[in-house]
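Heads up, the thing below is written out as structure tokens.
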Amino acid sequence: MNSMGRTGKEPADKVMPESEFVRTFQRLVGEIFRLNGQLLLTADQLSKDLEVSTARWQMIATIRHQPMTAAQIGRRIGISRQSTRKTVNRLLKQNLVELLSNPDHRRSPLVTLTDKGQMIMDTLRDRQVYLTDSFTHGLGLSIEQLETMTKRLADMREHAANIDTQQLIDAVNIARSGKD
6 MNSMGRTGKE
16 PADKVMPESE
26 FVRTFQRLVG
36 EIFRLNGQLL
46 LTADQLSKDL
56 EVSTARWQMI
66 ATIRHQPMTA
76 AQIGRRIGIS
86 RQSTRKTVNR
96 LLKQNLVELL
106 SNPDHRRSPL
116 VTLTDKGQMI
126 MDTLRDRQVY
136 LTDSFTHGLG
146 LSIEQLETMT
156 KRLADMREHA
166 ANIDTQQLID
176 AVNIARSGKD
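All letters in the sequence shown, in the order written, are residues 6 to 185 by my numbering.
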């Protein structure tokens with residue numbers, strides 16, 4: 006039996022919703038949401054004078070080393086193709102990116118940084134170094150600890166991507182109907 010009171014063989018509807026494990030995990034998720042919000046707020050403040058939103062910053066950072074199609078960018082960042090296309094169009098209007106013909110797919114051009122986009126990215130990278138120091142100063146984190154946290158969060162993200170949400174909803178609905 007694990008910390009959730011489960012053997013690992015029963016379906017998700019057998020989880021005790023008020024277990025200490027569930028509450029602890031929910032606190033972790035809440036902290037991740039709050040950290041993400043704080044990072045986005047700080048990034049917006051760092052990039053405001055450059056007229057680059059955090060969404061645009063994330064996109065130009067994604068293509069800084071190599072051109073990608075809009076679909077590749079969206080998959081890498083984890084956003085829809087439509088959102089990717091809107092952000093690419095905004096970056097095109099700002100002359101931060103340009104479209105190159107794609108030898109592998111005629112209808113999916115490659116998005117790449119312009120010289121102006123590269124200058125903006127370089128400025129943002131410099132600011133990010135100082136931001137990293139400000140965020141981590143005084144926390145006493147080692148490189149190994151950061152690598153472990155990164156790996157665990159990546160594992161959680163990959164695991165979450167494989168969850169069948171409809172099956173989860175159905176299991177909860179079945180469990181709730183049995184309580185009536």
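Even for Gly, the Cβ is constructed at its ideal location relative to N, Cα and C.
* **Contact under 8 Å by Cβ, residue 96 with residue 69** => no
* Tell me whether the beta-carbon of residue 59 lies closer than 8 Å to the beta-carbon of residue 136. => no
* To do: Report all residues from its chain with a CB closer than 6 Å to the CB of residue 110; omit the five preceding and five following residues, and keep chain order.
  => none
* Asked: At which residues does the alpha helix (DSSP H) containing residue 216 begin and terminate?
  -> Given that the chain is displayed from residue 6 to residue 185, the structure contains no residue 216 and the question cannot be resolved.
* Name, in chain order, the residues that DSSP records as bridge partners for residue 116. => 73, 104
* Asked: Between 33, 102, 89, which lies nearest to residue 72 when the distance is taken from Cα to Cα?
  -> 102
* Could you tell me if residue 89 is buried or exposed, where buried requires 16 or more neighbouring beta carbons within 10 angstroms of its beta carbon? => buried
* Asked: Around the Cβ of residue 79, are there at least 16 other Cβ atoms within 10 angstroms (buried) or fewer (exposed)?
  -> buried
* Asked: Exposed or buried, which one is residue 75 when buried takes at least 16 other CB atoms within 10 Å?
  -> buried
* To do: Identify, in the order they occur along the chain, each residue of the same chain with its Cβ nearer than 7 Å to the Cβ of residue 105, setting aside the five sequence neighbours on each side.
  => 72, 114, 115, 117
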